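Take a look at the structure below.
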Amino acid sequence: MPAPLAHPVLKNGVGAFIPQCRRLVFHYCERSGSSRGMIEYLKKDLIQFAKEHPHVEVIVTPRPSKHPVIRGLYLNGRDKVVCVRNMEPKDISGKVTLLKESAGNRMKVFNKPVISTTESVRGIWSPFHAAPHKI
Amino acid sequence: AVASSTSRLFSTTCSASQATPTVTTPSPAGSGEGVSPSSTASVSSVASSSSSSPINLLRDQLRYYAVAEIKNRPYLITKNDIIVLDRLKDVQLGDVIELTQIKELGSKDYAIKGQPYVSPEYFSIKATVIEQPKGKIVETFKKKRRKHFQRRYHIKPLHTLLRVSELEVKAQ
């Protein structure tokens with residue numbers, strides 16, 4: 001597994017917010033039909049996206065005879081790969097937004113509404129520090 | 001709407017065997033703070049000196065929690081927490097959201113309970129949008145036995161994660 005590209009940002013958002021998506025690599029094929037929407041996206045929408053997100057390094061590389069793919073690289077060293085074969089430019093920009101807004105973590109189920117590492121403010125209940133039970 | 005809300009201060013320590021002091025404060029638009037003591041005598045000394053005003057009692061305890069209401073749902077938060085919400089459509093990464101609908105603001109021994117919300121002159125609570133991920137696939141399986149009915153629904157929930165970047169109680 002590749003090492004993290006930077007020191008892990010603890011408590012991202014408290015002092016400063018650092019966007020976690022570091023790089024987006026666009027692979028396409030010049031000839032194949034599944035890359036048609038991808039090529040249209042690269043011509044029309046990609047430059048604007050790159051200007052709006054200067055913190056993301058955008059790389060476009062032909063990958064002949066393969067389906068078009070977007071690979072996002074994150075600060076924790078993980079990458080997310082999305083195949084965009086046969087997709088229209090509108091759908092491709094949706095996938096790009098998905099990669100851009102993610103943080104590189106594995107997909108997980110969020111069971112609790114608040115994720116916290118601070119210990120409880122009011123403390124854990126103890127029978128020795130509570131008013132005695134009265135009947 | 002916030003100007004008409006009032007707040008109650010009550011002590012949360014279980015060891016306080018006397019009745020908890022209740023303090024009602026009028027709306028911020030009104031005249032200064034008023035203290036209406038309960039049946040016990042201990043509150044009457046907490047009159048108008050600013051160092052022992054109810055909010056400062058809470059503030060001196062240094063560690064706070066708040067029950068914030070976001071989209072009509074309560075979230076009990078402290079500083080540095082991550083709030084997991086359903087996807088907010090109109091925010092971008094890095095946006096700072098100020099949470100003003102606070103139902104309860106507390107520390108170890110004291111809490112201010114809003115009616116319905118705590119007056120915003122007592123606190124400053126901010127949250128930053130750090131991520132907008134997609135969750136893992138959740139499957140709902142329904143079956144009615146002996147009726148040839150079963151369904152599988154798959155959802156990939158969209159979330160917005162907020163990091164509570166600031167949770168401060170303001171001195172009065």
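The listed protein sequences correspond, in order, to chains A and B. Numbering of the first sequence is given in full-length UniProt numbering, commencing with residue 1 and proceeding in unit increments. Numbering of the second sequence is given in full-length UniProt numbering, commencing with residue 1 and proceeding in unit increments. Idealized CB from N, CA, C, for every residue including glycine. What you are looking at is a predicted structure, and each value in this text was computed from that prediction instead of being measured.
Shortest Cα-Cα distance from Thr78 of chain B to any of B:Thr140, B:Glu104 and B:Val96 involves B:Glu104. The C-beta of Pro133 of chain B comes closer than 7 Å to at least one C-beta of chain A. Taking Lys108 of chain B as reference, the option from B:Glu166, B:Leu162 and B:Arg59 with the minimal CA-CA separation is B:Arg59. Distances from the CA of Phe17 of chain A to each of B:Pro54, B:Asn72 and B:Gly94 were compared; the closest alpha carbon is that of B:Gly94.
Along the stretch 46–77 of chain B, going in chain order, the ones with a CB nearer than 8 Å to a CB of chain A are Arg63, Tyr64, Tyr65, Arg73, Tyr75, Leu76 and Ile77. Contact residues of the stretch 86–106 of chain B toward chain A are Leu93, Gly94 and Gly106 (C-beta to C-beta distance below 8 Å). Going by DSSP, Pro62 of chain A is part of no alpha helix (DSSP H) but of the beta strand (DSSP E) stretching over Glu57 to Pro62. Bridge pairing for Gln150 of chain B: B:Lys143 [DSSP].
Taken atom to atom, the span from the alpha-carbon of Leu88 of chain B to that of Thr160 of chain B is near 6 Å. Taking 9 Å as the Cβ-Cβ cut-off, the UniProt domain "Ribosomal protein/NADH dehydrogenase" (30–103) of chain A approaches chain B at Thr97, Leu98, Lys100, Glu101, Ser102 and Ala103, given in chain order. Proximity of chain A to Arg163 of chain B at the Cβ level (cut-off 9 Å) is accounted for by Lys11, Asn12, Gly13, Val14 and Phe17, in chain order. Remark: fewer than three beta-carbon pairs, one from each stretch, lie closer than 8 Å, so the stretch 70–85 of chain A and the stretch 129–145 of chain B are not flagged as touching. Contact annotation for Thr140 of chain B against chain A: no contact, minimum CB-CB distance about 13 Å [criterion: below 8 Å]. The stretch 65–81 of chain A makes no contact with the stretch 46–54 of chain A: fewer than 3 CB pairs, one atom from each, lie closer than 8 Å. In the assembly as shown, Gly33 of chain A is an exposed residue. Its beta-carbon has fewer than 16 other beta-carbons within 10 Å.
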